[in-house]
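> Take the sequence shown: its position 104, counting from 1, is numbered 135 in the working numbering, and each next residue is one higher.
The beta carbon of each residue, even a glycine, is placed where N, CA and C say it ideally should be.
Please read these numbers as outputs of a predicted model, since none were measured by experiment.
Below is the structure I would like to discuss, written out as structure tokens.
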Amino acid sequence: MKGWNFTLSRRWLGYLALVVVFAVACAGLAAWQLARRDEARAEIARVEANWESDPKPIAEVLPELDGFDADDKWVRVTLTGRYLTDEELLARGRPLDGNPGFEQLVPFQLEDGTLFVVDRGWLATGNSQDLPDTDPAPPEGTVTVVVRLKAGEPTVAGRSAPEGQIATINLPTIAKLVDAPMYTGAYGLLDTESPAADRPKAFPKPVADEGPHLSYAFQWVVFGIMAFVGLGWAIRQEYRIRNADDPEERVRAEARRRKAEAKPKTDAQIEDELLDA
């Protein structure tokens with residue numbers, strides 16, 4: 032086919048369909064990266080708003096035992112009661128700063144008898160690998176604690192833990208183990224406790240980092256655009272081949288050749304000519 036009519040062939044229409052599908056996929060991936068960036072920005076906003084918030088009574092923030100609003104993540108709440116030391120659990124497989132370890136979970140019994148899981152902090156893996164070398168006991172008697180709220184975790188199929196440990200901080204599972212009314216919508220990362228006692232390493236404030244999602248989204252958009260640019264280049268090359276004997280195309284080809292020859296030669300081209308000579 033002469034001219035541009037070849038672009039209507041089944042082969043080139045198929046190429047166009049592939050490029051469109053690829054571009055749509057790139058647009059979807061770009062939108063996904065932007066959505067992840069929005070999630071990261073929302074999390075940063077929650078940290079900034081709630082990390083140093085004034086402590087509130089737990090009943091004010093969590094009126095229902097199984098309820099939790101994501102916007103209340105990191106909000107500080109106060110609890111008064113006692114630790115149930117005998118019911119302590121270790122959440123295994125908890126890295127911190129690149130080191131393996133555990134998190135010490137201790138049910139805290141409020142004055143009304145309801146339980147709330149307090150995460151007292153991080154413990155490094157010990158020499159035995161299955162337990163930490165040290166496991167500081169919580170203070171005894173009546174204690175007032177301030178914790179930062181965090182949603183419970185889902186279970187993970189295939190993960191198990193020995194007695195006294197759990198694979199994930201799944202609050203309904205812990206409630207079954209202690210067999211008592213318990214908050215199952217959220218648990219708390221320990222901020223302070225009074226009277227104070229030796230405790231595991233406290234969790235640091237999350238770093239405000241949006242991640243590379245914006246740059247990744249831009250890259251996917253560029254990939255989608257490049258697909259159409261590549262298709263246009265391929266069509267142009269096909270046109271030149273099919274119409275090489277057309278007088279007008281031969282004039283354009285000669286003009287392109289002269290333009291290329293008029294460009295200053297690179298060092299590599301000069302070296303290649305010397306070697307050829």
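1. Using DSSP bridges, identify the partner residues of residue 53.
2. Going along the chain, which residues of its own chain have a beta-carbon closer than 7 Å to the beta-carbon of residue 131, five neighbours each way excluded?
3. Just how far apart, CA to CA, sit residue 102 and residue 77?
4. Please tell me whether residue 175 and residue 116 are closer than 8 Å, where the distance is taken between their beta carbons.
5. Note the first and the last residue of the continuous alpha helix (DSSP H) segment covering residue 9.
6. From residue 181 to residue 91, what does the alpha carbon distance come to, in whole angstroms?
7. Is residue 197 helix, strand or coil by DSSP?
8. Under DSSP, the beta strand (DSSP E) around residue 134 begins and ends at which residues?
9. Going straight from the alpha carbon of residue 268 to that of residue 276, what length do you get?
10. Could you check the C-alpha separation between residue 104 and residue 49 for me, to the nearest Å?
11. What are the complete alpha helix (DSSP H) segments, minimum 4 residues, inside the region 66 to 141?
12. With DSSP collapsed to three states, give me the class of residue 175.
13. Should residue 44 be labelled buried (16 or more other beta-carbon atoms within 10 Å of its own) or exposed?
14. At the level of alpha carbons, what is the spacing between residue 265 and residue 246?
15. Measure the beta-carbon distance from residue 167 to residue 229 and round it to whole angstroms, keeping in mind my assumption that it falls under 8 Å.
16. How long is the line joining the alpha carbons of residue 129 and residue 272, rounded to whole angstroms?
17. Does DSSP put residue 37 in a helix, in a strand, or in coil?
18. Does DSSP classify residue 212 as helix, strand or coil?
19. Taking C-alpha atoms, which residue in 95, 236, 42 lies nearest to residue 74?
20. Quick check on residue 58: does DSSP put it in helix, strand or coil?
21. Please name the residue in 163, 187, 134, 250 whose C-alpha comes closest to that of residue 59.
22. Determine whether the Cβ of residue 268 lies closer than 8 Å to any Cβ atom of chain C.
23. Tell me, to the nearest whole angstrom, how far the beta carbon of residue 203 is from that of residue 96; I am working on the premise that it is less than 8 Å.
24. In this structure, how does DSSP classify residue 163 when only helix, strand and coil are distinguished?
25. Suppose contacts are defined by Cβ-Cβ distances below 8 Å. Is residue 152 in contact with residue 231 by that definition?
The answer reads as follows:
1. Answer by DSSP bridge pairing: none, since residue 53 is not bridged.
2. 156
3. 7 Å
4. no
5. Because the chain in this structure spans residues 32 to 308, residue 9 falls outside the shown range and cannot be described.
6. 16 Å
7. strand
8. 132 to 141
9. 14 Å
10. 44 Å
11. 89 to 92
12. strand
13. exposed
14. 28 Å
15. 4 Å
16. 58 Å
17. helix
18. coil
19. 236
20. helix
21. 250
22. Although the question refers to chain C, the structure presented lacks it and comprises just one protein chain.
23. Rounded, the Cβ-Cβ distance is 11 Å, inconsistent with contact.
24. strand
25. yes
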